[in-house]
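Per full-length UniProt numbering, residue 1 is the first one in the sequence shown, and the count goes up by one each step. Ideal placement from N, C-alpha and C gives every residue a C-beta, glycine not left out. First the structure, in the form of structure tokens, and then the observations on it.
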Amino acid sequence: MKHFYLVILFFVCALGFSQESTKSSADIDGFKLYPNPVTQGKVYIETTDNSPKKILVFDVLGTKVLETTILGRELNLSELDKGVYILRVFEQNKVATRKLIVK
């Protein structure tokens, strides 16, 4: 009987971990981030739809250091110190996450 419960538990766990949320795991179509590393204080974000994007920037400790919305392609990062950051871009129901280096 213990084996039966173990098999059921295995299937439930496997089913739970195999399902992904399409909202959180879907990458933005045609996503391009350049230049990376950033040297002039500006970074450009291109996508296929090129619709408004919500931008979140986190430092390596997970602290949010910037939150903004851009309508075009250009993102001004001149206020950020030199270092490594995590950039999250939300466009419509999709999200893209990238490492961003500011020099």
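Item to check | Element boundaries [beta strand (DSSP E), containing E38] | outcome: Counted from its first residue, the sequence shown places residue 38 at position 38. Note that residue 38 is Val in the sequence shown, not Glu. Run containing V38: none; DSSP gives neither H nor E here.
Checklist entry - According to DSSP, is V60 helix, strand or coil? => result Translated into positions along the sequence shown, residue 60 becomes position 60. It is coil, neither helix nor strand.
Checklist entry - Taking C-beta to C-beta, are I45 and L75 nearer than 8 Å? => result Position 45 of the sequence shown holds residue 45. Position 75 of the sequence shown holds residue 75. Yes, the Cβ-Cβ distance between I45 and L75 is below 8 Å.
Next on the checklist: With distance defined between alpha-carbon atoms, name the residue in L71, N36, V84 nearest to G62.
Outcome noted: Taking the sequence shown and counting its residues from 1, one reaches residue 62 at position 62. The shortest C-alpha separation from G62 is found at V84.
Checklist entry - Thinking C-beta only, is I28 closer than 8 Å to F58? => result Residue mapping note: residue 58 aligns to position 58 of the sequence shown, counting from 1. Residue mapping note: residue 28 aligns to position 28 of the sequence shown, counting from 1. The answer is no: Cβ separation not under 8 Å.
Checklist entry - Comparing alpha-carbon positions, which option in A96, T68, K32, L80 lies nearest T39? => result Here residue 39 refers to the residue found at position 39 when the sequence shown is read from its first residue. The option with the nearest alpha carbon to T39 is L80.
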